[in-house]
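A.B. asks: Below you will find the structure I want to go over with you.
In the numbering used here, the protein residues as written are 53 to 1268.
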């Protein structure tokens, strides 16, 4: 929930002569803070421009408000932001220029066309600091008040300082410019100066010398109002100033004041709040500031909205036009408020009493002599019944009796004196009983009979005390939910119902019915109320709008949201003194002129009690004012006093997006004559807004793009037009705003030119045409060339056939051509024997192919003839002219087939391969001999391979033995270290036990001799305790060493997987390595996170770490030197990383390349076996599945980086 520091809860109204308790009819305060988009909650100054924007100066940048959204300009956006964020003053000049005065960053000028801020510094003949105030005179010159009390005159066009004048004052910080509507310019503070026609500042003596002018404003008649502490002064030329003392102010100062169109003064009282003073009546409307925040300045815009700038409490707005709406809420008064704001009925009786019925009780209005409501009090009438009753209607008959209908409690009729009443309730099966207890409305016909509309029982008439109630003797009338009743000028009774439509009961008893499904249909069957205009036209309010209805023709005209009203559901319809209709819906209030069909709409921002009004809660008072009730209170409206509403301002196209990118610092689209974009810049979107500081939320926008569409498109509240694709060409984009009344603004337009891609331009199409002509010419030329070439080809074919014949003769190959359809074969250069004539292919093969080869080649030929194969290649023996056999190679191909796939023609060649076959035979014999030789050689090689495998196995066994010896050597070193470590605590225990035994023996001897006193006994106990503690401590140390050794030795001898904490296991490893490491002059350290749990073979880690440290002790440090060794364990994205470092002598490239090679050592014969680092490498890569890297250089030590896979670590959930 927002906390607004100056909650304008109007709690008291003082007059100078007397106190008046009424605080009703107050405008609604709208509040804006940082959470609403304001850059900060301290506002220094305000200004409005010619486009309708409100500009807000803060200490955190410049804000522009369009009525719905804030836009912030800050120093970080320079040059599209001011030179400094702390802005003291704003001035919108007569040249329609916005000037900004910063605290210490100079004077700025905003250029809306480019969106840039111009900083006026030394090049503009101005300093960046020392300027306190800013103003403009009649000639458009700027006046600057400086820190040294000089006033500079500055020409903004020429960017030149003209002259200056020194003021005589001691309080320059309190001086401020005041420009009047007549063009006069004043400077007020501890004194008052006026700018004369000679551009000289003349000191004026209007107030007493002790009075300091805190604020100044000019009235409509040209007189001045001046404010000083606790007093207002009114001064006209040629007269003395008249004081108006305001005792309630005390010594509080008036920081600023404005005059509204009614010439009422609104005063910003220092640390007290807002005060309204009406000079004509001397009435004060005072709002103390609950938390002591200060109002910095006030600004009244041209829409009669009062903007309130505060220090630390944000920005407030009071729409002074709301006063004409006369809003009354349950909390409008300090006392005597409505107990329930859901107002259902309003009526003023013949006694002048205004009655207000709510959903929970009946109230009397307390009114002043002028008719202004000052509060409410519960009605004393039948209070036991009406105190909590749901009031449905309040009416008065010609006898002055008051009729009050309820929803649930029946009907009450009070006599004219209001001292007695009749109460009617529904009594089942009782003649004349009220037909229902839930009553909606009542009307009196010309004869004075009351007609009552009920919820459950249709319509009923009241026939007097004796006869009671009776339904009209006519059918068909509605039997259930009727809403209202009207008698027209012709004596017809009209009845509306909710669900059954409209009924007319004529004086002769005939009934007519209209609904949505009757022969003459209505636009709605859910009707609320009916009214007859003086011209005889019927008007009906429904759930779908308000419509006029002509019974004779059945014609109607609907007015709804699409036709001028603010909402569709017309709960309330009330005519005013001019017979205009006021229509209350769930969305606001509408005014409709039945004669012209014009309408006007009002929303909550205009001063409505709420946007929803209630059925039947309307009343036209004697003075022509209207009372309209709703769910949150009521409005007391003076229709003639409602201000005219300006049409919406011309929209501003303020943002362009092309290809989804905002052209934020480009020249503003609305400042261009024409916008040229390439088609590749699409999609295109244009953002726009119409500045409206009051009804921005209710503005709709319509746009069209001439050249693509002619009709206006509605954005449905959005402020963006989007065009995903546009053809190249010229367009005109137009946008207009539509206000809550349907009034449209002047259209804003922007010429758009979409240029085509280079290959779609007119020049490109010219080139395309030339290319097409070239293609046609080329095609024709090509056809002619082909004709010439075909003629040449025919000549070449004949020549080729001749050459082919010669080639075949030269190669010795035979060419054959079988025409299977004609059953004939053509052969050229044949060298085999063939039968004469050849009539069948199979017969030729059987007679010309060797009998042994025929079964092999026929399936291939058959596949071409019957199975779709296209070609074949066959080797066989063919018959020669001398009846001998010759090896040939026959290649053939199917050249044509019929529609069923049968071959029609096959061609091919036959080549003599006799010599080739003889060569193949010789090669076959040679291969057989070669295979025999290879077999013999293979057997010899197999024998040698077996001998090598035997030797390799012996080497593996030797290596395994060496590895086991290395492990045993490590374990032996461990045993030796542990033995040395255990000897010390065991020896201490033996010494302590011996000493204890001697002391016990001596003590016992003296005890039996009864030579023990208290001191001896205490000394004996102390020595026993010390010896016990010493033995226990050293035995625990020895046990810890033995447990560690036991675990490490088991891990060394059993390579089984188990879960273990790496940090704890490292502690055990270094406990066992400690004797060896302490015997050296070197220092060591290790670190490991406490939460790393592994599932692995822990003995492997002992071997790796002990070998790394042993390697450094043996190889890294020259004798007599001191070094450092460290082991660090950490998690990485790749797994668990162990980094071992020493600062020893390092390694050269050759040693690094061979360090993991087995049996490689630089200490051969000096204790080095060459297997330590090879074992480390194998354990890391093969057992643990990780990798090890070496980083070293001579003289710079060595680093071993071991990375183990992620899956070796046990997850936290699994470990738990």
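Backbone N, C-alpha and C fix where the C-beta goes; we use that ideal spot for every residue, glycine too.
May I have a chain-ordered list of the alpha helix (DSSP H) segments no shorter than 4 residues that lie completely inside the stretch 404–470?
C.D. replies: Within the stretch 404–470, the complete alpha helix (DSSP H) runs of at least 4 residues fall at 435–438.
A.B. asks: Could you compute how far the alpha carbon of residue 1121 sits from the alpha carbon of residue 993?
C.D. replies: The alpha-carbon of residue 1121 is positioned some 52 Å away from that of residue 993.
A.B. asks: Compute the Euclidean distance between the alpha carbons of residue 1249 and residue 1178, then round it to the nearest angstrom.
C.D. replies: Whole-angstrom Cα-Cα distance: 12 Å.
A.B. asks: Using C-beta distances below 6 Å, list every residue in its chain close to residue 100, excluding the 5 sequence neighbours before and after it, in chain order.
C.D. replies: 106 and 353
A.B. asks: Tell me the rounded alpha-carbon separation between residue 970 and residue 954.
C.D. replies: 38 Å
A.B. asks: Beta-carbon within less than 6 Å of residue 1102's beta-carbon, same chain only, minus the 5 sequence neighbours each way: which residues are those?
C.D. replies: Residue placement at residue 1102 is poorly supported in this model, since its pLDDT is 48, which falls under 50; the coordinates still yield a value, given next. None.
A.B. asks: For the structure I just gave you, are there three or more beta carbon pairs, one from the stretch 376–390 and one from the stretch 121–131, closer than 8 Å?
C.D. replies: No: fewer than three Cβ pairs fall under 8 Å.
A.B. asks: Bridge partners of residue 815, per DSSP?
C.D. replies: Listed as beta-bridge partners of residue 815 by DSSP are no residues whatsoever.
A.B. asks: On the premise that residue 947 lies in contact with residue 958, defined as a C-beta separation below 8 Å, what is that separation, rounded to the nearest angstrom?
C.D. replies: 7 Å
A.B. asks: Could you pull out every residue in the same chain whose Cβ sits closer than 8 Å to the Cβ of residue 530, ignoring the five residues on either side in sequence?
C.D. replies: 510, 511, 547, 549, 552 and 555
A.B. asks: Go through its chain and collect everything with a Cβ distance to residue 645's Cβ below 6 Å, but skip five positions before and after it.
C.D. replies: Same-chain partners within the cutoff: 632.
A.B. asks: Can you tell me whether residue 1143 is buried or exposed, with buried defined as 16 or more other CB within 10 angstroms of its CB?
C.D. replies: exposed
A.B. asks: Could you have a look at residue 73 and say whether DSSP puts it in helix, strand or coil?
C.D. replies: In this prediction, residue 73 has a pLDDT of 31, which is less than 50 and means its spatial position is unreliable; what the coordinates show is noted afterwards. Coil.
A.B. asks: Consult DSSP for residue 205 and reduce its assignment to one of helix, strand or coil.
C.D. replies: strand
A.B. asks: How close, in whole Å, do the beta carbons of residue 314 and residue 96 come, if the pair is a contact with beta carbons under 8 Å?
C.D. replies: Contact doesn't hold; Cβ gap of about 28 Å is too wide.
A.B. asks: Check whether the stretch 651–658 and the stretch 610–621 are in contact - that is, three or more C-beta pairs closer than 8 Å.
C.D. replies: yes
A.B. asks: Buried or exposed, going by whether 16 or more other CB atoms sit within 10 Å of the CB of residue 223?
C.D. replies: exposed
A.B. asks: Enumerated in chain order, which unbroken segments of the beta strand (DSSP E) with a length of 3 residues or greater are wholly contained in the stretch 184–233?
C.D. replies: 194–198, 202–207, 212–218 and 228–231
A.B. asks: Are there three or more Cβ pairs, one per stretch, closer than 8 Å when the stretch 439–450 is compared with the stretch 481–500?
C.D. replies: yes
A.B. asks: Which residue's Cα is closest to the Cα of residue 1119: 400, 266, 1141 and 430?
C.D. replies: 1141
A.B. asks: From which residue to which residue does the alpha helix (DSSP H) around residue 796 run?
C.D. replies: Segment: none, residue 796 is in no alpha helix (DSSP H) and carries neither H nor E.
A.B. asks: If we count the other Cβ atoms within 10 Å of its Cβ and call it buried at 16 or more, is residue 1200 buried or exposed?
C.D. replies: exposed
A.B. asks: So what's residue 1261 in DSSP terms, helix, strand or just coil?
C.D. replies: strand
A.B. asks: In whole angstroms, what is the alpha-carbon distance linking residue 689 and residue 734?
C.D. replies: 52 Å
A.B. asks: For residue 516, which option in 749, 1125, 617 and 484 has the closest C-alpha, if you only look at C-alpha atoms?
C.D. replies: 484
A.B. asks: Return the residue from the list 229, 161, 165 and 240 that minimises the CA-CA distance to residue 209.
C.D. replies: 161
A.B. asks: Can you tell me the Cβ-Cβ gap for residue 207 and residue 193, rounded? I've got them flagged as a contact below 8 Å.
C.D. replies: About 6 Å separates the two Cβ atoms, so the contact holds.
A.B. asks: When burial is assigned at 16 or more other CB atoms within 10 Å of the CB, is residue 421 buried or exposed?
C.D. replies: By the 16-neighbour rule on beta-carbons within 10 angstroms, residue 421 is exposed.
A.B. asks: Can you name the start and end residues of the alpha helix (DSSP H) that residue 909 belongs to?
C.D. replies: 906–918
A.B. asks: Smallest Cα separation from residue 759: which of 739, 743, 765 and 782?
C.D. replies: 782
A.B. asks: For residue 575, which residues of its own chain have a beta-carbon under 8 Å away from its beta-carbon, when the five flanking residues on both sides are left out?
C.D. replies: 568, 594, 596, 597, 599, 608 and 610
A.B. asks: Can you list, in chain order, the residues of its chain with a C-beta nearer than 7 Å to that of residue 1105? Leave out the 5 residues immediately preceding and following it.
C.D. replies: Confidence in residue 1105 is poor, its pLDDT being 48 and thus under 50, which makes the residue's placement unreliable; the coordinate value appears in the next sentence. There are no such residues.
A.B. asks: Quickly, what does DSSP pair residue 877 with across the bridge? List them, please.
C.D. replies: 870
A.B. asks: Since residue 363 sits in a beta bridge, which residues does DSSP pair it with?
C.D. replies: 346
A.B. asks: Does the stretch 1106–1117 come into contact with the stretch 1071–1083, if we say contact requires no fewer than three beta-carbon pairs (one atom in each stretch) closer than 8 Å?
C.D. replies: Judged by pairs of C-beta atoms under 8 Å, the stretch 1106–1117 does not touch the stretch 1071–1083, as fewer than three such pairs exist.
A.B. asks: Decide yes or no for the touch test of the stretch 801–813 against the stretch 730–746: beta carbon pairs closer than 8 Å, at least 3 of them.
C.D. replies: yes
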